[in-house]
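Before any comments, here is the structure.
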């Protein structure tokens, strides 16, 4: 079975084999495609972004065919929700790559992301703030945990800022100005103001002060900062997933990145050229979350929507619009099966991941 998550910035695929009580990842793919580039200004997917994305999806289709995938679901999120020309793009993907994209709501995106990472929650702490910083939006959830029961999402919020959309609103070049820290703080303040109604709605202040709330974050921003904090020469998922970040370290690393220009950020091994212009916006979103809910420590998840899809497929809670043995499949123009630099070896961790935890 396979799960494909087409976000505003990334195209990600997981292929897994179901086992007793869980699944084992046997292959994975991730490529930065920036599908949502410019959507916040134009309201449309650009031809260049669509071309990049279709090429990545062709690779995904080839990998699924090579692995003999019989059940899969492919979802698209904020960029496609916003773009007025999304239906034409979906038709093109179906014709050229043979993949039927399901444009999911922000609510389902939150549900899948949280479902995928909640196995990392501490069941001894009764409340949790869980978030997923995306390219075009950020989803946050307020979860309640009870012994012997799956986590229950009490409330959720989708914020219209992700690393791409916030960067485009403020302008990547502006971060290179004379006072980069003042620019960075303005981004943090903007995000914090957007989050304040959700803060007031859940009213977690007393519980946080009493130590009754945990925080779990999933996103490229969170995993990047964790990699930097761990001093990794290159990103290693097995070391990052499940690790912890203290809020003081979040602020220290974010401030250091804000003082660097884009080229300076690109030299850091866990960032690189492709993420250097977006990581500062991600840090601003993360810093605002930490400011509003001062839990003190954040658990890092390198998992999310794809894992949530796999769990849904396993437990039979996925919607009807999934690829199955009886579903109509359109044959793509088959791409070459040769390995590329973006066509990685199987997932670095092949742990058995349990389903039904959400």
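Residue numbers (my numbering): 190 to 547. We put the beta carbon where it would ideally sit given N, CA and C, even for glycine.
Contact set for residue 461: own chain, Cβ-Cβ below 8 Å, skip 5 residues either direction:
455
Could you pull out every residue in the same chain whose Cβ sits closer than 8 Å to the Cβ of residue 332, ignoring the five residues on either side in sequence?
303, 307, 310, 316, 317, 318, 319, 340, 341, 342, 343
Length-filtered (3 minimum) beta strand (DSSP E) runs lying within the region 205-271
211-221, 261-265
At which residue ranges does the region 425-495 contain complete beta strand (DSSP E) runs of 3 or more residues, listed in the order of the chain?
433-435, 486-490
Roughly how many angstroms separate the alpha carbons of residue 337 and residue 403, rounded to a whole number?
18 Å
Quick one: grab the DSSP three-state call for residue 390.
Look at residue 390 here: in three-state DSSP terms it is helix.
Given the structure, does residue 381 come close to the ligand COA, in the sense that its CB is under 7 Å from one of the ligand's heavy atoms?
The ligand COA is absent from the structure shown, which contains no ligand whatsoever.
Where does residue 230 land, buried or exposed, given buried means 16+ other C-beta within 10 angstroms?
Residue 230 should be labelled exposed.
Should residue 263 and residue 291 be called a contact, given that it needs their Cβ atoms to be closer than 8 Å?
Yes, the pair counts as a contact, with Cβ atoms nearer than the cut-off.
Span separating the alpha-carbon of residue 485 from that of residue 259:
44 Å
Output yes if chain D places a C-beta closer than 8 Å to the C-beta of residue 307; else output no.
The structure shown contains no chain D; it holds only a single protein chain.
Determine the closest residue to residue 348 out of 374, 383, 360, with distance taken between C-alpha atoms.
Ranking the options by Cα distance to residue 348, first place goes to 383.
What separation, rounded to the nearest whole angstrom, lies between the Cα atoms of residue 222 and residue 465?
15 Å
Comparing C-alpha positions only, which one of 502, 471, 218 sits nearest to residue 350?
The closest CA to that of residue 350, considering only 502, 471, 218, is found on 471.
Per DSSP, residue 320 forms a beta bridge with which residues?
329, 406
I need the DSSP call for residue 311, collapsed to helix, strand or coil.
Three-state result, residue 311: coil.
The alpha helix (DSSP H) enclosing residue 419, as first and last residue numbers:
Taken as a continuous stretch (DSSP letters only), residue 419 belongs to no alpha helix (DSSP H), as it is neither H nor E.
What does the Cβ neighbour count give for residue 252, buried or exposed, with the cut at 16 atoms within 10 Å?
Result: buried.
Output needed for residue 245: all residues of its chain with C-beta closer than 6 Å, excluding positions within five of it in sequence on either side, in chain order.
Counting only Cβ-Cβ distances below 6 Å, and skipping sequence neighbours, we find 200, 220, 222.
Between the CA atoms of residue 269 and residue 483 - distance to the nearest angstrom
33 Å
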